[in-house]
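Offset between the sequence shown (1-based) and the working numbering: plus 892.
Idealized CB from N, CA, C, for every residue including glycine.
It should be emphasised that the depicted structure is a prediction, and the values quoted were computed from it without experimental measurement.
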Amino acid sequence: MGDRYNINSQLEHLQSKYVGTGHADTSKYEWLVNQHRDSYSSYLGHFDMLNFFAIAENEAKARVRFNLMERMLQPCGPPPEKPDE
């Protein structure tokens with residue numbers, strides 16, 4: 893019985909520590925934005941992936957890095973309208 897409460901407290905700790913883990917009120921849009929930003933930051937952090945994208949797009953590495961950082965601002969487009977309550 894104690895393990896279940898321990899797991900919930902560990903999950904709450906992870907959710908408060910890391911932004912991308914989500915919480916009970918996370919919307920689909922927020923979840924997708926976190927996934928896309930994680931992917932883009934991984935591409936920027938791995939030099940070989942950045943080289944691959946630069947070769948595939950026939951662009952300079954600096955231009956590819958700039959484009960990826962620009963896409964991180966709104967990777968899934970503008971946020972959806974929130975319904976008025």
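Please work out which residues of its chain come closer than 7 angstroms, Cβ to Cβ, to Phe944, disregarding the five sequence neighbours upstream and downstream, and give them in chain order.
-> As a position in the sequence shown, residue 944 is number 52, starting the count at 1. Nothing listed; no residue qualifies.
Test item: CB-CB of Thr913 and Leu924 under 9 angstroms | The residue labelled residue 913 in the question sits at position 21 within the sequence shown. The residue labelled residue 924 in the question sits at position 32 within the sequence shown. The answer is no: Cβ separation not under 9 angstroms.
Could you tell me which of Glu949, Arg955, Gln927, Lys920 sits nearest to Pro972, measuring between CA atoms?
-> Walking along the sequence shown from the start, residue 972 turns up at place 80. When only C-alpha atoms are compared, the closest one is Lys920.
In chain order, which continuous runs of the alpha helix (DSSP H) of length 4 or greater are located wholly inside the segment 915 to 973?
-> 920 to 937, 939 to 949, 953 to 963
For Ala916, collect the residues of the same chain with a Cβ closer than 8 angstroms to its Cβ; drop the 5 residues on either side in sequence, then sort them by chain order.
-> The residue labelled residue 916 in the question sits at position 24 within the sequence shown. For Ala916, where only same-chain residues beyond five positions count, there are no Cβ hits under 8 angstroms.
Contact under 9 angstroms by Cβ, Arg929 with Leu942 | For the purposes of this step, residue 929 is taken as the residue at position 37 of the sequence shown. For the purposes of this step, residue 942 is taken as the residue at position 50 of the sequence shown. Not a contact, by the Cβ cut-off of 9 angstroms.
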